[in-house]
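Peer 1: To get our numbering, take the position in the sequence shown, counting from 1, and add 625.
Here a beta-carbon is modelled for each residue, glycine too, at the ideal position from N, C-alpha and C.
Treat the numbers as computed from the prediction; the structure is a model and nothing was measured.
Structure in structure tokens, see below.
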Amino acid sequence: MTRCLSRWIAAAMLWAAITSTAGAETLTATVEQWGLLGSWAVDCAVRPDRDKGALLTYEIRKDGRVMYRRNFGEAKDENEVVSAQVSAEGLLNVMVYFPSLHQAREFGLLLAKDGSLRAIYNRSDRGEYTIRNGKYVATGAPTPAQQRCD
């Protein structure tokens, strides 16, 4: 009985390791094939600044994790992308965990034919939107297109 149980536990651990690796490969393949990797900004010539624009970078680490770095000039952070899925309309739905906020945020990104990137929605894990239908909730202004900077 103990031998059977230990074999079952070993098999379960192996299955968990294989499925988590497969999930990581799917995540990295999704962001890579969709075209998300690299640095993005509204104006790549402007130095990162909280009021004038951030430099947003998506990269795959050597350990296979997909990271999202935000550079606001004097303030910077790095957060892990935990999932990414492409919708039937071509929208990339990304979930990022922000340890400093103690929350995950989900955002939808649209890659235009000219290669620019635009945020279509951004919401907290509680469903609170900061961007909805391509517009900032607070002001109603449309989200700007971001250009690849690298």
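Below 8 angstroms between beta carbons: does that hold for G663 and R773?
Peer 2: yes
Peer 1: Helix, strand or coil for T755? Go by DSSP, reduced to three states.
Peer 2: strand
Peer 1: Indicate the three-state DSSP secondary structure (helix, strand or coil) for L652 in the structure shown.
Peer 2: helix
Peer 1: How far does the beta strand (DSSP E) with D702 in it extend, from its first residue to its last?
Peer 2: Going by DSSP, D702 is part of the beta strand (DSSP E) stretching over 701-711.
Peer 1: For the beta strand (DSSP E) that C771 lies in, which residues bound it at each end?
Peer 2: Note that residue 771 is Gln in the sequence shown, not Cys. Unbroken run through Q771: none, as it is neither H nor E.
Peer 1: Express the C-alpha separation of L680 and F697 in angstroms, rounding to a whole number.
Peer 2: 7 angstroms
Peer 1: Please classify N747 as buried or exposed, where buried requires at least 16 other C-beta atoms within 10 Å of its C-beta.
Peer 2: buried
Peer 1: One question on the structure: do W659 and V707 come within less than 8 angstroms of each other, judged by their Cβ atoms?
Peer 2: With respect to V707, W659 sits apart: the two C-beta atoms are not nearer than 8 angstroms.
Peer 1: Could you tell me whether the Cβ atoms of L734 and L716 are closer together than 8 angstroms?
Peer 2: yes
Peer 1: Following the continuous beta strand (DSSP E) through L681, name the residue where it begins and the one where it ends.
Peer 2: 680-685
Peer 1: Could you pull the start and end residues of the beta strand (DSSP E) that L572 belongs to?
Peer 2: Any answer about residue 572 is impossible in this case: the structure gives the chain only from 626 up to 775.
Peer 1: Looking at R694 and T682, is the spacing between their C-beta atoms short of 8 angstroms?
Peer 2: Yes; because the gap between Cβ atoms is below 8 angstroms, this pair is in contact.
Peer 1: Could you give the first and the last residue of the continuous beta strand (DSSP E) run that contains R748?
Peer 2: 742-749
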